[in-house]
Amino acid sequence: SRLDLDHLKKSKEQYLPHLILMMIPPHRLETQSSRRRKRALDTNYCFSNIEESCCVRRLHIDFRRDLDWKWIHEPSGYDANYCSGPCPYLRSSDMTHSSLLSLY
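Right, dumping it as structure tokens:
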């Protein structure tokens, strides 16, 4: 009946795709000149045998080579960087995700 077709048409309209955009106004965008520049650390700062400062250490895990996981195609690996040395803030070595997961 005609009533059923009207109901079908209305229900299709409820599922139209939506696009939500969140944009930053141009005057709030960072330019190359306003962006803070990273300082290069000398080799002795993070790579000495005595860890006197907090440093981020690079750790890349290749799923196929390191874990023999052939069932993951992409991404090929994961950058699981970690903090090393005395890090007196939240991302220190005793607050890594594995420590948090072990609580559950």
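Each residue of the sequence shown is one higher than the last, beginning at 2 in our numbering.
Backbone N, C-alpha and C define an ideal beta-carbon position, used for all residues, glycine too.
- In the three-state reduction of the DSSP assignment, H74 falls in the coil class.
- D69 carries a coil assignment under DSSP once its states are collapsed to helix, strand and coil.
- No residue range can be given for H28, since it is assigned to no beta strand (DSSP E) and is classified by DSSP as neither H nor E.
- Annotated as proximal: R59 and N82, with beta-carbon spacing under 8 Å.
- Inter-residue distance for Y79 and P87 is about 25 Å (C-alpha atoms, whole angstroms).
- It is roughly 19 Å from the alpha-carbon of I62 to the alpha-carbon of C56.
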